[in-house]
Amino acid sequence: MLMHASFDGKTFAHAIIYFMQRRINATTSDFLLRKSMKTLFTLFCLAFLAVIVQGGEESGKKVEPLPCKDRGSKASCNRYMKKDNFEELCKENRRIGRYLCCKTCAEKLGVEVNEDGKFKDFGTFTYYEPTCPALEDRGNHTICEMIKHGSEVYKCDQSEAQAACAKTCNLRVIILSTAADSAAWVVHTIPGFPTAKIPYNWPASETARGHLLICLTISKSQINAIAASLLLVQPVIHYNDIPETETAGMPYFKKLAEGQTPFIPPFTSRRTIRTKDDRAPVTVHIYSKSESSKYEIYKKVIVKALKKTIKVWSRRDNKLKGDCRVPGRHVRLLQSPGVINGHNTNLEADDTNWAVSDPGSVICHVDKPYFKNQSKEPAMAICIENNDIFTRFNEIAAQYKYRAIVYKAPRQNTGKIILASAAGNWDDGAAPLSNNGGHSFAATLEHVVQANNDIKFLAYNNVPPAVPNVKTKSNSKGVIIVRTTVNVDSAAWVVHTIPGFPTAKTPYTWPAAEDARGHLLICLTISESQINAIAASLLLVQPVIHYNDIPETETAGMPYFKKLAEGQTPIIPPFTSRRTIRTQSAGAPVTVHIYSKSGTSKYEIYKKVIVKALKKTIKVWSRRDNKLKGDCRVPGRHVHLLQSPGVINGHNTNLEADDTNWAVSDPGSVICHVDKPYFKNQSKEPAMAICIENNDIFTRFNEIAAQKKSFMHLIFIPLTLLRNNK
């Protein structure tokens with residue numbers, strides 16, 4: 006009977022209900038069977054409704070806008086309604102007014118809703134029915150030519166009064182020619198653009214923003230793969246005139262055009278297409294995910310697919326950080342500002358989100374910024390595998406210099422520099438250090454000596470500026486700098502050897518008395534999450550803090566920084582500390598080990614701390630007394646003392662005039678800056694060593710060390726012989 010041709014949906018439903026009622030009258034021993042039949046009934050009803058819905062839709066029908074109803078929970082809409090600015094939220098926030106609480110907003114504002122789901126004009130409330138602005142036809146403009154024959158356009162913030170999608174920000178165009186096997190896929194970041202079948206008009210408000218447009222010429226056979234990826238991100242389609250004859254045999258495109266949404270797994274998609282190019286077709290990988298996947302698009306999708314580290318240019322929140330846990334699968338965050346072949350850009354004003362692989366050949370455009378909440382939203386990445394295109398974007402990524410080391414030799418007014426992007430040699434300083442600009446010292450400290458509302462810092466120095474006769478056993482000097490800009494995770498740690506320098510919020514002034522001395526400055530650009538580890542190390546050395554304006558909101562959840570800022574001193578063990586941080590680098594993040602000890606520990610910093618931690622011999626450049634000698638007692642754990650004079654790529658130095666204390670490991674890869682000279686009494690004082698693990702930087706310092714021959718045990722032999730001859 007169920008297979009009879011005249012058996013309609015209504016009869017089917019009545020039959021199922023009757024059958025279920027008969028089963029309910031059964032004995033209690035049939036409980037499990039009744040439960041199974043109820044489940045079966047539910048599944049039958051869902052399947053029947055799906056058949057009715059699909060059968061009632063006409064293929065090729067123009068996609069209708071979403072009706073006005075509350076798609077959010079009742080509790081959410083009630084919560085918004087209690088706000089004093091609820092009417093403004095309805096008018097100005099498309100997500101709330103047009104998607105989550107559309108019906109509630111319409112009732113609150115007294116606005117009628119048309120049959121097509123649009124608000125009718127109500128006084129000054131015209132956000133959803135904007136008037137058409139004056140059009141400017143640029144005719145032969147490249148974008149205009151591509152859009153002139155546009156067919157399918159979808160975006161979050163349309164210029165037309167179409168339904169907005171709360172969780173999708175896809176802005177793309179699919180174009181095809183009905184006269185030949187020719188199609189194109191245009192991917193861009195411009196809201197409200199283009200308007201279908203209307204002369205080209207660039208939105209003037211977007212001139213202030215950074216945008217990206219990618220045009221891929223493809224064959225029509227590639228469209229179905231693109232549609233399969235787009236299905237998961239639920240794009241808002243507001244125009245489509247591609248005839249069914251052109252997309253016959255493309256089931257995913259049919260579902261996309263009809264606005265169908267997948268509700269069963271898989272919730273991620275990997276597709277590959279190739280551009281239509283007779284000379285060298287380009288491979289394009291499309292990775293997409295639905296909101297049901299709960300995957301974070303950058304780490305869990307792109308990195309997992311590419312099996313490589315990626316360097317990301319994108320706005321970000323304060324929740325989702327870079328990730329360096331898995332070797333060769335890092336997520337490194339590029340920092341502002343940047344330069345695109347002479348055009349300046351910055352994360353605050355740039356709406357683009359892109360990433361390059363490391364090692365390279367792939368550039369990915371991502372439709373979601375690097376925010377924590379995108380794991381709960383649909384997202385898509387278009388990854389182009391092409392060396393030339395990759396190189397252009399990688400040039401932008403390579404501009405970001407995350408660390409610099411400046412070594413000023415005695416009696417020199419310029420320094421020798423190692424830059425993060427070019428550590429192959431010591432570069433000459435661009436200007437005398439006494440100048441208030443044009444060199445690395447001034448550039449590093451420009452936001453310390455000048456007022457900047459987005460830059461806050463903590464400065465410490467055992468010889469604080471304009472404070473005479475400070476009694477302290479600390480010898481540490483440095484600055485912790487934090488950028489407080491919203492959604493920007495950027496900080497720096499500057500370590501140096503210059504007493505009384507810099508003076509906070511005072512124009513840059515180099516202390517002339519220090520020209521005769523040798524000095525070292527190290528700048529490490531880090532993420533804000535690294536600050537607490539630095540503070541934990543500094544606590545033991547009891548630095549003299551002479552300036553701090555970092556707000557508590559920036560260091561919430563950092564107990565060691567709070568103790569450091571308040572001047573607390575640890576009085577219980579441990580009295581030594583080993584911490585590790587990583588620089589926030591575009592090319593290759595550098596591991597930095599921080600070893601510190603308090604005066605209570607009684608440890609000698611070089612032998613008992615650095616050598617013990619590195620488990621290697623070290624070669625030490627430092628002033629010394631006549632008490633603490635080199636140490637060669639333990640094989641592979643020696644302390645070799647380097648001798649004067651030395652040469653820093655043409656600049657002469659000597660121990661008597663050089664205030665720097667540093668050591669290189671043997672065998673090598675580590676260079677350590679130490680804040681205490683090689684004196685016997687430093688075992689009773691607080692001390693700190695910052696050890697940078699990087700082959701290029703190590704090589705530069707090891708070149709200096711290689712010039713000096715000092716193996717102290719060779720000297721002891723003739724001294725002993727002399728005594729015996731007396």
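Residue numbering for the sequence shown follows the numbering used here, starting at 6 and increasing by one per position.
The C-beta atom is built at its ideal place from N, Cα and C for all residues, glycine as well.
None of these values were measured; they are calculated from a predicted model.
Quick one: measure Cβ to Cβ for residue i and residue j, integer angstroms, because I've assumed they're closer than 8 Å.
i: Val-361; j: Ala-310; result: Val-361 to Ala-310, Cβ: 15 Å. No contact.
i: Leu-646; j: Arg-629; result: 6 Å
i: Ser-601; j: Ser-627; result: Contact flag wrong, Cβ pair sits at about 17 Å.
i: Ala-538; j: Leu-569; result: Not a contact, Cβ separation roughly 12 Å.
i: Ser-649; j: Leu-660; result: 4 Å
i: Ser-532; j: Ile-599; result: Contact doesn't hold; Cβ gap of about 15 Å is too wide.
i: Ile-223; j: Lys-281; result: 5 Å
i: Ile-503; j: Arg-705; result: Their Cβ separation, rounded to whole angstroms, is 21 Å, which puts Ile-503 and Arg-705 out of contact at 8 Å.
Check each candidate in the options and name the one with the smallest Cα separation from residue i.
i: Lys-689; options: Lys-478, Ile-410 and Leu-325; result: Lys-478
i: Gln-547; options: Gly-483, Arg-488, Asn-392 and Arg-284; result: Gly-483
i: Ser-226; options: Gly-420, Ile-278 and Phe-684; result: Ile-278
i: Val-453; options: Phe-506, Leu-218 and Pro-415; result: Phe-506
i: Ala-694; options: Asn-553, His-678, Phe-272 and Phe-684; result: His-678
i: Arg-334; options: Ala-447, Ile-307 and Pro-199; result: Ile-307
i: Arg-488; options: Ser-341, Cys-82, Gln-265 and Thr-212; result: Ser-341
i: Leu-450; options: Leu-529, Pro-248 and Leu-633; result: Leu-529
i: Thr-596; options: Ser-542, Val-675 and Val-472; result: Val-675
i: Cys-637; options: Pro-650, Ser-649, Asn-631 and Ile-623; result: Ile-623
i: Asp-664; options: Ala-518, Leu-218 and Asp-246; result: Ala-518
i: Lys-324; options: Gln-379, Pro-240 and Tyr-292; result: Gln-379
i: Lys-294; options: Asp-246, Pro-240 and Gln-455; result: Pro-240
i: Asn-699; options: Val-669, Gln-687, Lys-685 and Cys-95; result: Val-669
i: Pro-594; options: Asp-363, Pro-374, Ala-435 and Glu-609; result: Asp-363
i: Thr-396; options: Gly-365, Leu-424 and Lys-381; result: Gly-365
i: Arg-214; options: Thr-194, Asn-686 and Met-255; result: Thr-194
i: Lys-299; options: Gly-254, Lys-381 and Thr-490; result: Lys-381
i: Pro-473; options: Val-499, Asn-430, Asn-399 and Val-549; result: Val-549
i: Lys-685; options: Cys-696, Val-639, Gly-655 and Tyr-611; result: Tyr-611
i: Val-289; options: Val-367, Leu-261, Leu-339 and Lys-312; result: Val-367
i: Tyr-608; options: Gln-455, Gln-687 and His-551; result: Gln-687
i: Ile-697; options: Asn-666, Gln-265, Arg-587 and Arg-642; result: Arg-587
i: Asn-245; options: Ala-209, Ala-201 and Ser-210; result: Ala-201
i: Pro-470; options: Asp-520, Thr-419, His-551 and Asp-432; result: His-551
Less than 8 Å separating the beta-carbons of residue i and residue j?
i: Ala-386; j: Ile-302; result: yes
i: Thr-314; j: Arg-337; result: yes
i: Gln-589; j: Gly-327; result: yes
i: Thr-252; j: Ile-228; result: yes
i: His-216; j: Thr-350; result: no
i: Asn-480; j: Lys-681; result: yes
i: Asp-372; j: Asn-492; result: no
i: Tyr-604; j: Pro-691; result: Sequence check: residue 604 is Gly here, not Tyr. Their beta carbons are under 8 Å apart, which means Gly-604 touches Pro-691 by this criterion.
i: Ala-702; j: Ile-410; result: According to the sequence as given, residue 702 is Ile; it is not Ala. Result yes, Cβ atoms of Ile-702 and Ile-410 sit closer than 8 Å.
i: Ala-185; j: Cys-220; result: no
i: Pro-383; j: Leu-237; result: yes
i: Ile-709; j: Lys-421; result: no
i: Pro-374; j: Arg-320; result: yes
i: Tyr-683; j: Val-625; result: yes
i: Gly-673; j: Asn-707; result: yes
i: Ala-436; j: Ala-464; result: no
i: Cys-107; j: Lys-74; result: yes
i: Trp-359; j: His-370; result: yes
i: Thr-558; j: Glu-353; result: no
i: Ala-447; j: Tyr-513; result: yes
So, is the C-beta of residue i closer than 8 Å to a C-beta in chain D?
i: Asp-283; result: The displayed structure is made up of one protein chain only, and chain D is not part of it.
The ligand COA and residue i: does any heavy atom of the ligand fall closer than 7 Å to the residue's C-beta?
i: Asp-355; result: This structure simply doesn't include the ligand COA, nor any ligand for that matter.
Threshold first: 4 residues or longer. Then list the alpha helix (DSSP H) segments lying entirely within the segment 627-659, N to C.
Taken in chain order, the segment 627-659 contains no complete alpha helix (DSSP H) segment of 4 residues or longer.
For the segment 456-464 against the segment 430-443, do three or more pairs of beta-carbon atoms, one drawn from each stretch, fall closer than 8 Å, so that the two count as touching?
Touching, no.
If we count Cβ pairs, one from each stretch, closer than 8 Å, do we get three or more for the segment 611-619 versus the segment 519-528?
no
Given 8 Å, three or more beta-carbon pairs between the segment 270-277 and the segment 225-239:
Yes, since at least three Cβ pairs between the segment 270-277 and the segment 225-239 fall closer than 8 Å, the two stretches touch.
Touch test, the segment 413-426 against the segment 392-402, Cβ-Cβ under 8 Å, three pairs minimum:
no
What runs of the alpha helix (DSSP H), each 4 residues or longer, lie entirely inside the segment 450-520?
451-454
Where in the segment 221-253 do unbroken runs of the beta strand (DSSP E), each at least 3 residues long, occur, reported from the N-terminal end onward?
242-244
Complete runs of the beta strand (DSSP E) confined to the segment 286-358 [at least 3 residues]
288-294, 314-318, 336-338, 343-345 and 348-350
Enumerated in chain order, which unbroken segments of the alpha helix (DSSP H) with a length of 4 residues or greater are wholly contained in the segment 540-598?
DSSP assignment within the segment 540-598 yields the following whole alpha helix (DSSP H) runs of 4 residues or more, N-terminal first: 564-570.
Which runs of the alpha helix (DSSP H) spanning at least 4 residues fall entirely within the segment 656-693, listed in chain order?
none
Quick one: complete alpha helix (DSSP H) runs, 4+ long, within the segment 380-416?
392-402
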